[in-house]
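If you read the protein sequences in the order shown, they are chains A and B. The opening residue of the first sequence carries number 924 in our numbering; numbering runs sequentially from there. The opening residue of the second sequence carries number 924 in our numbering; numbering runs sequentially from there. No residue lacks a Cβ here, since even glycine has one placed at the ideal position from N, Cα and C. Heads up, the thing below is written out as structure tokens.
There are 2 protein chains.
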Amino acid sequence: MSIPELADVHPAWLPPGAFRAVGARRVLVLGDGLLTGTVRAEVGHACARHGGSLEQDAAGSPDLVLALSSAAPPAVTSAGPSVGPSVGPSVARALAAAREVLAGQGGSAIGEEGYLLARRDGVTVVLAGDPAGLLYGLFHVVRLGEEAFAGERPAEPHRPAARRRMLDHWDNVDVHPVMGQVERGYSGGSIFWRDGGPRGDLARVRAYARLLAATGVNAITVNNVNVHATEAHLLTDRLGDVAAIADEVRPYGIRVHLSVTFASPMRLGGLPTADPLDERVREWWARTTEHVYAAIPDFGGYVVKADSEGQPGPFAYGRSHADGANVLADALAPFGGVVHWRAFVYNHRQDWRDRSTDRARAAHDHFAPLDGRFRDNAILQVKHGPMDFQTREPVSPVIAAMPSTRLAVELQVTQEYTGQQRHVCYLAPMWKEVLGFRPWGPGEDGDAAGDAAGDRAGRSVADVAVGASGGGGGLVAVSNVGDDFYWTGHPLAQANLYAFGRLAWDPRLEPDALLDEWIDLTFAPAQGGDPGPLRRTLHAMMDGSWRTYERYTAPLGVGFMVRPGHHYGPDVDGYEYTPWGTYHFADRDGVGVDRTRASGTGFTGQYPQPWSDVYESPGTCPDELLLFFHHVPYGHVLHDGTTVIQHIYDTHFAGVEEVAGSRRLWERAEPGDAALHARVTELLGEQLRCAEEWRDQVNAYFFRKSGVPDARGRRIP
Amino acid sequence: MSIPELADVHPAWLPPGAFRAVGARRVLVLGDGLLTGTVRAEVGHACARHGGSLEQDAAGSPDLVLALSSAAPPAVTSAGPSVGPSVGPSVARALAAAREVLAGQGGSAIGEEGYLLARRDGVTVVLAGDPAGLLYGLFHVVRLGEEAFAGERPAEPHRPAARRRMLDHWDNVDVHPVMGQVERGYSGGSIFWRDGGPRGDLARVRAYARLLAATGVNAITVNNVNVHATEAHLLTDRLGDVAAIADEVRPYGIRVHLSVTFASPMRLGGLPTADPLDERVREWWARTTEHVYAAIPDFGGYVVKADSEGQPGPFAYGRSHADGANVLADALAPFGGVVHWRAFVYNHRQDWRDRSTDRARAAHDHFAPLDGRFRDNAILQVKHGPMDFQTREPVSPVIAAMPSTRLAVELQVTQEYTGQQRHVCYLAPMWKEVLGFRPWGPGEDGDAAGDAAGDRAGRSVADVAVGASGGGGGLVAVSNVGDDFYWTGHPLAQANLYAFGRLAWDPRLEPDALLDEWIDLTFAPAQGGDPGPLRRTLHAMMDGSWRTYERYTAPLGVGFMVRPGHHYGPDVDGYEYTPWGTYHFADRDGVGVDRTRASGTGFTGQYPQPWSDVYESPGTCPDELLLFFHHVPYGHVLHDGTTVIQHIYDTHFAGVEEVAGSRRLWERAEPGDAALHARVTELLGEQLRCAEEWRDQVNAYFFRKSGVPDARGRRIP
């Protein structure tokens, strides 16, 4: 197998230099299997470049041993040649120590995709239960760099928190007349599809899989959840195109999933119905799925957006979404596949005049009553917030409402509402807040509201997604990748893709540490190994960039205020009188959506305690969500003593200043890549222009409405 | 020549039955030439259907004689056969009488395209100076129907007010990714182009020419003023496609014009510049134009949108628009061609924060200083209002500012901002107001402001467009025609196309009389000749439909408030914070644009007296233009005693009621065409839905801003 290092695309976090520490060593790889072969190929490739050696069957004293626990222990070198791999005594000791630790972990497997990392007597050891674990262990060593080969390292087990770590591609095969090749894509075309068919650029697909494997992602969906006419056929007569992608990503431990339309039995099968309780429909799905697995034995499963924004679904037959999901789950079960069933169901033809309907309620209203009715291999995929990937939303109440359902939490790496990869917006801090949110309150405070709630107190969103023994739905995100040279349009948006994969592997990781990892891998090789000054610049620019973005856009959690359709740039009233259910209700007196039980839509009642009460009162509701939950006068005083209107002015001026500051910092930055520096410089110019536009439109809008002047006398146009 | 009566397209105002009166007669056509041949073919076709006879060379007693004045007088029938046409004594007397009147009109020609119509001794006579006049005379007789053959009719001269009566097609050859096949087209595809090339459906082009000839239009532009890559080549290597269209429309007296890009010498000619003062550029235009006339000897000329909305122009070379227009005019002059140079030049990248820049001023600022510097065959084509075809605008001040320039007034038949052919909006009343507007005040009141102004007092916009002896720029309009079955999408929008042609012929015609003509031609044949009840219904629906549309859309002349991009449906703030220069500046206290000299942009100063002063004061400014010229508080009292805010509420409720009334009337209407009835019914449903949306969004917007409740307590959402 050859390693996909492409000349015409940016290496992202796997530049050749990132492998210097590994590649300069003597490395032994023990074990069999496809992914072990990948490990061997990676090591061989690195060693060829950096002067090390892949020890295969010769005697030697390797610095690094990557071994499957099932592999026969190597013989210790004595005098003569040996038939299998043979090692020196220090390697044997290191391996044996690792095995001992493994035995202490229950005596058996370290778990799927897991590995032990240890260093003893000058030998670094990765011991894995399966080849995937070996591959993840290798990338762990790559991340550590020279540190992996220094001192002693007690054996440390690593395993992914969740079994499922998936990126959804909203890629169309045909160029959609409105949405283009990639829906909500800001990085050029698709890496899979072009103009109605496969791109055929499989080297790039392989390189993408490699990048993902280095973060921990192990599944991708290769087409848009909005399944149009051509894309529907990927399930049947165009299945070969999917299989070709599966072949490319398999060596990096990635399974392929497919978005399918619920109407497939009609559109593809010629049946008169797609009723999930119709026997012909069940049979069609079973037979079709059998064919899929014949072509792709490790196929991951289906992703379905049903009864949502025009996509067909079970409502047409008076069936529930559990009925809908289960027919697909049953078809997949014999093969170990899963169906990801999206909970993004709401009325997108709402009457804006009707203040009683609340889109935020929709997913909970539809799905909470179905808890316990989904098959075990049906995963309910829930957007992290109740609306749609806004810069600031509360956590979706669905996440706390379905203890007997396997839930996946869906994030959006592509920056649809967060700057569309023209703005720097490092999203890991937002995801971290979401994943760390405790829907039943903090555990240490206890909770007397009920036994069940008491059991759950202290559990986080991440705990729900991870599930028992990692068997939850896991984390899913919409990819930000396209055929752009930098993969992600904005070079710094690579950090979001990287951070998502790593958080999906381990939600306890910290955003600033992940940013360091990304900086080190991406920039250190060109910086002589020490990206110190650049590291400081990037942290200054990125650590707080999500909050900066929040400051200059829609205030206090109210959301939207973007240009309809493309969602870039400000339009305060853009969605105010539309059917999309996304309103702020600003008038001359105040702004915000009353979602209380007392006087509003009752949405706060969908949360368990303590949040149900916390959100109910403007006095306890966190300021950053105030306008999401409450309609308040412009003079309402926030917890910091500022009025809402003055907060709007202050944050919008501040947000722009922060962007201007980032631009000044970047001007002096030296990333060791002139083209990348120029691209980021250009994008920062656009970000500043757009931030000023946001500031001025939002401030002017609220000044015109409220008539309240800025207390600091700044210019509001 | 065969008459283009197509089975697969609606006959509009030329159904076969419209020719019944002519076709049932004995008709003699005297004269030669292509268009005389058309007259002969039309008559022959009608007679074949309705039982009359085209008398050609046999003796007879025709009921109708259509004769060129240059044709030899026919011999009077005696006993034996004669060589030329021969007629009975009554025909001879009628013809002689007409010739006498003609002699009294100066003894010579009646003027290009003109004719005399008379009836004496039972013979109806059309006597024309040229074949085009004969054709227009025939259509006059068709309009009159049986009335043309009743009683006596003293000889009456008819001639077009203006020489130039043109429809511009904003049709693209290639489907534009945003604007489609027809920019601002609401009637399907283009009748000329499809998917990058000619449609090849020349029968439809011929039928279109016939419809236009029946109204008096004598020129068409066959491509969009925004000239894209493919369309640029119509001037050179794709000229054959234009010539093919010219061949089809020629028999109906219509000349073809072409929209060209100012950058043609670079894009097509490979020159390094398009500088109008560069000798190579002059030569290129001269040579290219010579080739055009070699292919199309009666080619009309060029239409140019320069330095406007991204189109190239002379500003790039520091040249004036007179320099730009004149280089094309010089190239066209040897062949009698003209260049229509559009005055629609403004900054479309305006900063919305800057209240001192005023798009309304732009055309006057750019062009008024150039008066007298345009060649005689350069026609400055001025939109009727200073902005862009809004439902209500004042007349453009450019029209009064360039006495030494040939001006054409541009109207928009396609309903970009007036309902996009989904709403009934009969535009003739608006055009009539525009054409009847007297920029220098009413003549009878006199005007002492200055000699020049005194001379012009009493002159109307129509007078300016018509010019001395009809030699002005004439009237131009953007066509509403596409490949839709009804030509115009909404069947009732045919009336706008019809009325434009007739007003271009004679701006003194009245909208209600034109509507009668259109109803009679279109519907009478299917109504047994008497469309009485349908006539009443259509007048009730259409006479006031423009004002109804105005009532439920943007109030008091402020304009826009439409959804950006496609311009359909309401979005009060849609253009408020954009670069397009189209603002209403609504805040919690008031609304409108201050364009006064005293405190605003000074736009009122671009008008001569009395309007300069009339518009300057809210007290004298007509209410319907109040917010175009003034920013006033919501409590400002209009001339009828209503406040601005209450006026907004009242008109929006009233407008919707009027649409609902129209729909009720139409439900009971019997147009004798079930498919047409169904189409209009469906469209009225959409119009009512959209009108309600306008009402509710505008009312809600201003209620939220002003806080003033409706005095009549109606529901504002």
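When the options are compared against residue i, the one with the closest alpha-carbon
i: A:V1268; options: A:T1471, A:A1592, A:L1191 and A:V1321; result: A:V1321
i: A:V1179; options: A:D1160, A:G1260 and A:F1185; result: A:G1260
i: B:S1319; options: B:L1350, B:A1283, B:V1347 and B:T1341; result: B:A1283
i: B:P927; options: B:G954, B:A944, B:H968 and B:L951; result: B:H968
i: A:W1114; options: A:A1266, A:W1410 and A:G1068; result: Checking the displayed sequence, the identity of residue 1114 of chain A turns out to be Ile instead of Trp. Answer by Cα proximity: A:W1410.
i: A:F1423; options: A:Q1338, A:P1487, A:Y1500 and A:Y1506; result: A:Q1338
i: A:A1209; options: A:A1254, A:Y1240 and A:P1188; result: A:A1254
i: A:A1388; options: A:A1323, A:F1446, A:I1442 and A:P1448; result: A:A1323
i: B:A995; options: B:V952, B:L958 and B:G1037; result: B:V952
Contacting residues, own chain, Cβ-Cβ under 8 Å from residue i (five flanking each side not counted)
i: A:E1171; result: L1125, V1128, R1129 and A1132
i: B:I1568; result: Y1557, G1558, F1625, S1629 and V1631
i: A:M1464; result: V1347, L1415, S1585, L1588 and W1589
i: A:L1426; result: A1351, W1354, K1355, L1358, L1398, L1432 and L1437
i: B:V1098; result: Q1104, D1118 and G1119
Closer than 9 Å at the beta carbon, the chain A residues around residue i
i: B:G1630; result: D1510, R1511 and D1512
i: B:D1619; result: W1275, R1276 and Y1500
i: B:R1612; result: Chain A residues near B:R1612: none, gap ~12 Å exceeds 9 Å.
Residue i: contacting residues in chain A (beta-carbon distance under 8 Å)
i: B:R1458; result: Residues of chain A passing the Cβ test: none, with the nearest at roughly 38 Å.
i: B:R1637; result: Residues of chain A passing the Cβ test: none, with the nearest at roughly 13 Å.
i: B:A1298; result: First, the amino acid is wrong: residue 1298 of chain B is Arg here, not Ala. Within 8 Å Cβ-Cβ: nothing; B:R1298 doesn't reach chain A, min ~43 Å.
Interface residues of chain A facing residue i [CB-CB closer than 7 Å]
i: B:L1118; result: Residue identity check: residue 1118 of chain B is Asp in the sequence provided, not Leu. Here the premise fails: no neighbours, minimum Cβ distance about 15 Å.
i: B:R1272; result: Simply none; closest approach about 12 Å.
Neighbour list for residue i in chain B, Cβ cutoff strictly below 7 Å
i: A:P1640; result: R1276
i: A:V1579; result: Within 7 Å Cβ-Cβ: nothing; A:V1579 doesn't reach chain B, min ~14 Å.
i: A:R1282; result: Within chain B, no residue comes near A:R1282; the closest Cβ sits about 17 Å away, beyond 7 Å.
Assigned exposure category for residue i - 16 Cβ within 10 Å defines buried
i: A:A1256; result: buried
i: A:R1474; result: buried
i: B:P1083; result: buried
i: B:G1060; result: buried
i: A:T1543; result: exposed
i: B:A1002; result: Note that B:A1002 scores 48 on pLDDT, short of 50, meaning its location in the model is unreliable and no value can be drawn from it.
i: A:R943; result: buried
i: A:D1274; result: exposed
i: A:R1329; result: buried
i: B:S925; result: exposed
i: B:S1383; result: buried
Residues that residue i contacts on chain B, provided the C-beta gap is smaller than 9 Å
i: A:D1496; result: D1494, V1495, D1496, G1497, E1499 and Y1624
i: A:R1242; result: Under the 9 Å cutoff, chain B gives no residues; its nearest Cβ is about 31 Å from A:R1242.
Interface partners of residue i on chain B, CB under 8 Å
i: A:R1190; result: Neighbours of A:R1190 on chain B: none; closest Cβ ~27 Å, over 8 Å.
i: A:R1345; result: Here the premise fails: no neighbours, minimum Cβ distance about 18 Å.
Close Cβ partners of residue i (< 6 Å) along its chain, the five nearest in sequence each way excluded
i: A:R948; result: G975, D986 and L987
i: A:F1062; result: A1137
i: A:E1499; result: Y1506
Residues near residue i by beta carbon distance below 7 Å, same chain, minus five either side
i: B:T1527; result: R1518, T1519, R1520, S1535, Y1538, E1539 and F1552
i: A:Y1340; result: F1312, Q1313, T1314, V1485 and H1490
- Item | Within the region 1400 to 1476 of chain B, ranges of the alpha helix (DSSP H) (whole runs, at least 4 residues) | Runs of the alpha helix (DSSP H) inside the region 1400 to 1476 of chain B: 1417 to 1428, 1434 to 1446, 1455 to 1465 and 1468 to 1475.
- Message: Quick check on the DSSP output: what are the complete alpha helix (DSSP H) runs of length 4 or more inside the region 1557 to 1612 of chain B, in order along the chain?
- Response: 1567 to 1591
- Query: Which residue spans inside the region 1046 to 1074 of chain A form an unbroken beta strand (DSSP E) run of at least 3?
  - Reply: Correct list: 1046 to 1051.
- Any chance you could list the alpha helix (DSSP H) runs of at least 4 consecutive residues sitting entirely within the region 1158 to 1207 of chain B, in chain order? Here the runs fully enclosed are 1162 to 1172 and 1187 to 1190.
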